[in-house]
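Chemist: So for the sequence shown, the UniProt record's numbering puts the first residue at 1; every next one is plus one.
What follows is a structure written as structure tokens; I'll ask about it next.
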Amino acid sequence: MDITHWEAKKFLTVIDCGPSRFAVWREVLRESEEEITRIINQIFSELSPPNHYLDNGRSFRSAMLTNLCSKWSVKVIFRCTYRPSGNGIIERHH
């Protein structure tokens, strides 16, 4: 997961790292922990929640998101800071 910008809008990007490379983009009104957690909960409700590689942004390291991932039994792995190559699949979708 990551936040990307397109045409002056922000989007939460979720990519399936499996062979399908299925991508979900959801518009983010504010890059806050509440907004990110709300959108991720909505995505988990629609799709099964797998293990996730997350961006190291402040909104992804919040207690709210940690609790949500605990609730859904999601193992979270944070990608390396300032190393876009460590998150290649998502970066290619931006």
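By construction, the Cβ of each residue, glycine as well, lies at the ideal position given by its N, Cα and C atoms.
Quick one: Cα of Thr-4 to Cα of Ile-39, how far?
Modeler: In the sequence shown, counting from the first residue as 1, residue 4 sits at position 4. In the sequence shown, counting from the first residue as 1, residue 39 sits at position 39. One C-alpha to the other measures close to 14 Å.
Chemist: Sort out for me which residues DSSP pairs Glu-27 with in a bridge.
Modeler: Within the sequence shown, residue 27 is the residue found at index 27, counting from 1. Its beta-bridge partners are Phe-11.
Chemist: Check whether the Cβ atoms of Ser-59 and Ile-77 lie closer than 7 Å to each other.
Modeler: Within the sequence shown, residue 59 is the residue found at index 59, counting from 1. Within the sequence shown, residue 77 is the residue found at index 77, counting from 1. Against a cut-off of 7 Å, the Cβ pair of Ile-77 and Ser-59 comes out as no contact.
Chemist: Looking at Arg-26 and residue 104, is the spacing between their C-beta atoms short of 7 Å?
Modeler: In this structure the chain extends from 1 to 94, so residue 104 is not present and cannot be described.
Chemist: What does a CB cutoff of less than 7 Å around Phe-44 pick up in its chain, not counting 5 residues either side in sequence?
Modeler: Numbered from 1 along the sequence shown, position 44 holds the residue referred to as residue 44. Trp-72, listed in sequence order.
Chemist: Expressed to the nearest angstrom, what Euclidean distance is found between the alpha-carbon atoms of Phe-22 and Val-14?
Modeler: Mapped onto the sequence shown, residue 22 falls at position 22. Mapped onto the sequence shown, residue 14 falls at position 14. Rounded to whole angstroms, Phe-22 to Val-14 spans 8 Å at the Cα level.
Chemist: Can you tell me which of Ala-8, Val-24 and Ala-63 puts its alpha carbon nearest to the alpha carbon of Glu-33?
Modeler: Counting from 1 along the sequence shown, the entry for residue 33 is found at position 33. Here the closest residue by C-alpha is Ala-63.
Chemist: Are there 16 or more other CB atoms within 10 angstroms of the CB of Leu-29, so buried, or fewer, so exposed?
Modeler: By one-based count along the sequence shown, residue 29 stands at place 29. Classification for Leu-29: exposed.
Chemist: By the DSSP assignment, the alpha helix (DSSP H) with Phe-44 in it spans what residues?
Modeler: If you number the sequence shown from 1, residue 44 lands on position 44. Looking at the DSSP string, the run of the alpha helix (DSSP H) that includes Phe-44 is 33-46.
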